[in-house]
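The block underneath contains the structure these notes are about, expressed in structure tokens.
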């Protein structure tokens, strides 16, 4: 009530209520002059740019169910002893490669912070077209055959990474596109890598350069086709 009366009195006097001014601290003779050092505003993050794929994937733009496999590969960085990798007490970086794959489409997601590519990056492949489509922290863009290897290594390859694939003991679901993914990963021939994959199932283990991947999960799923489309959408 008292505060309201004060406001009324101030309004009647025609004076504007203002907060008390704060005086700067007094300076003494010999003190350096005050320096005005404003902090620059934080730059906004760069906009993510989505580049259209070479081909629209209209066939997989529907909700019709598609039979697929959902696989997870646990990935570790295997440092050879010549590079100081012989100490068992050193924790090895670990990551995961999560793959949804059908006979004609594949999506692979790089999960975990140990990858040399941004966490959460996604690679998309289609069986009827070469190359790949990649989403990362810069946006999305199509890659011609072989460019996926440059993206993973962070620049042009001086030499292709060595690839080892353990062939599946029996047919275990769609593995052709997983072999295609490995071929793109090392800038190799899909036909040559496909023959090394064996009987067409998903490989239980593979190694790309220093990265060792062991399959830890493989389940059958039914997904809407749009969740496997391989373009920029």
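Numbering (the working numbering), first residue to last: 347 to 579. Each residue gets a CB set at the ideal place from its N, CA and C atoms; glycine is no exception.
The beta carbon of residue 562 sits closer than 6 Å to the beta carbons of 418 and 420 from its chain, once the five residues preceding and following it are set aside; these are given in chain order.
With distances taken between CA atoms, residue 509 lies nearest to 538 out of 538, 521, 569 and 386.
Following the DSSP letters along the chain, one finds residue 539 inside the alpha helix (DSSP H) bounded by residues 536-542.
Taking each of 579, 507 and 528 in turn and checking the Cα distance to residue 556, the smallest one comes out for 507. Cβ neighbours of residue 533 within its own chain (closer than 7 Å, five residues either side excluded): 492, 495, 503 and 506.
Secondary structure remark: continuous beta strand (DSSP E) runs of at least 3 residues inside the segment 448-472, in chain order: 451-457 and 468-472. In this structure, residue 446 lies away from residue 576, with their beta-carbon atoms at least 8 Å apart. Residue pairing from DSSP leaves residue 549 without any beta-bridge partner. For a cut-off of 8 Å, the C-beta gap from residue 480 to residue 487 is around 6 Å, short enough to register as a contact.
The alpha-carbon of residue 522 is positioned some 7 Å away from that of residue 540. In the three-state reduction of the DSSP assignment, residue 398 falls in the coil class.
Distance from the CA of residue 530 to the CA of residue 548, rounded to the nearest whole angstrom, comes to 16 Å. For the 8 Å CB-CB criterion, residue 500 and residue 462 form a contact. Rounded to the nearest angstrom, the gap between the Cα atoms of residue 454 and residue 465 is 12 Å. Look at residue 505 here: in three-state DSSP terms it is coil, with no helix or strand label. Taking the Cα positions, residue 443 is about 41 Å away from residue 385.
Inclusion of residue 470 and residue 564 in the CB contact set at 8 Å is not warranted, their separation being larger than that value. For residue 526, the enclosing alpha helix (DSSP H) stretches over residues 522-531.
In the structure shown, the three-state DSSP call for residue 574 is helix. Residue 441 sits buried, since 16 or more C-beta atoms from the chains shown fall within 10 Å of its C-beta.
Here residue 574 really is in contact with residue 451; their C-beta atoms are around 4 Å apart, less than 8 Å. Burial of residue 448 is indicated by the presence of at least 16 other C-beta atoms within 10 angstroms of its C-beta. Within the same chain, no Cβ atom closer than 6 Å to the Cβ of residue 389 is found once the five residues on either side in sequence are excluded.
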